[in-house]
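Numbering of the sequence shown is given in the UniProt record's numbering, commencing with residue 1 and proceeding in unit increments. Beta carbons: idealized from backbone N, C-alpha and C, even for Gly. These numbers were taken from a predicted model, which means no experiment stands behind them. All remarks here apply to the structure that follows.
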Amino acid sequence: MFVIDIEHRCIASTPPNCRYVALSYVWGKVEMLKHTCANSTFLRTPDSLCKSDLPTTIRDAMSLVENMGEKYLWVDALCIIQDSLMMQQTQIAKMDQIYAKALFTIVAAT
Numbered sequence: 001m002f003v004i005d006i007e008h009r010c011i012a013s014t015p016p017n018c019r020y021v022a023l024s025y026v027w028g029k030v031e032m033l034k035h036t037c038a039n040s041t042f043l044r045t046p047d048s049l050c051k052s053d054l055p056t057t058i059r060d061a062m063s064l065v066e067n068m069g070e071k072y073l074w075v076d077a078l079c080i081i082q083d084s085l086m087m088q089q090t091q092i093a094k095m096d097q098i099y100a101k102a103l104f105t106i107v108a109a110t
C-alpha cells in the first residue's frame, strides 16, 4: 500500500505499523493528478508533490495532517496506481480495511 509522506511531500510505501489519515472526497470533473505506472517513480521522489498540480482538497488535507503532527495520508487517486488493473482491484477490495485502519478519515463533501 502507498501513502503520501507528508514530511517528504511524495508517495511512499507504507512503513511497518504505519499510522495514517485517510481522505474521502469527490473527484469531480476536473482532470487531476493521478498515480500511474508512468509517473510512479517521479511521485516517489521527495518534494514531487510540491511540484505537482494537486487539487485544493488534497493540499488542504495534507496541511491538516501535518498540523496535527501525523506523517502519512492515504488518498485513493495518489495511493492506488490508477492504470494498474490488478492494483486497482486489490485496493478496491480492501477499501473498507483501508478506511477502518486509518487513524481517522477526513470527509470532504464539497
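| message | Cutting at 7 angstroms between CB atoms, please list the residues of its own chain near residue 7, excluding the five before and the five after it. | response | Excluding residues within five positions, the ones whose Cβ falls inside 7 angstroms are 71.
| task | Decide if residue 3 is buried, meaning its Cβ has at least 16 other Cβ atoms within 10 Å, or exposed. | result | Buried is the call here.
| Extent of the continuous alpha helix (DSSP H) run through residue 23 | Segment 21 to 25 is the beta strand (DSSP E) holding residue 23; no alpha helix (DSSP H) there.
| request: Can you check the UniProt domain "Heterokaryon incompatibility" (20 to 109) for any beta strand (DSSP E) of at least 3 residues that lies completely inside it and give the ranges in chain order? | output: For the UniProt domain "Heterokaryon incompatibility" (20 to 109), the continuous beta strand (DSSP E) assignments of 3+ residues that do not extend past its boundaries occur at 21 to 25, 72 to 74, 105 to 108, in sequence order.
| request: Tell me, please, whether the stretch 36 to 47 touches the stretch 68 to 87 by the rule of three or more beta-carbon pairs shorter than 8 angstroms. | output: Yes, they touch.
| Touching or not, the stretch 53 to 71 and the stretch 93 to 101, by the rule of three or more beta carbon pairs under 8 angstroms? | Fewer than three beta-carbon pairs drawn from the stretch 53 to 71 and the stretch 93 to 101 are found closer than 8 angstroms, and the two stretches are therefore not classed as touching.
| task | Apply the 10 Å Cβ neighbour rule to residue 47 and answer buried if 16 or more other Cβ atoms are within range, or exposed otherwise. | result | With fewer than 16 other beta carbons inside 10 angstroms of its own, residue 47 counts as exposed.
| query | What do you get for residue 10, buried or exposed, if any count of 16 or more other CB atoms within 10 angstroms of its CB means buried? | reply | By the neighbour-count criterion, in which 16 or more other beta carbons inside 10 Å mark a residue as buried, residue 10 falls on the buried side.
| request: To the nearest angstrom, report how far apart residue 22 and residue 103 are at their CA atoms. | output: Going from the Cα of residue 22 to the Cα of residue 103 covers about 8 angstroms.
| query | Hey, quick one: how far does the beta strand (DSSP E) through residue 18 stretch, first residue to last? | reply | No beta strand (DSSP E) contains residue 18, which DSSP labels as neither H nor E.
| task | Over the uninterrupted beta strand (DSSP E) stretch that includes residue 6, give me the two end residues. | result | Note, residue 6: premise wrong, no beta strand (DSSP E); not H, not E.
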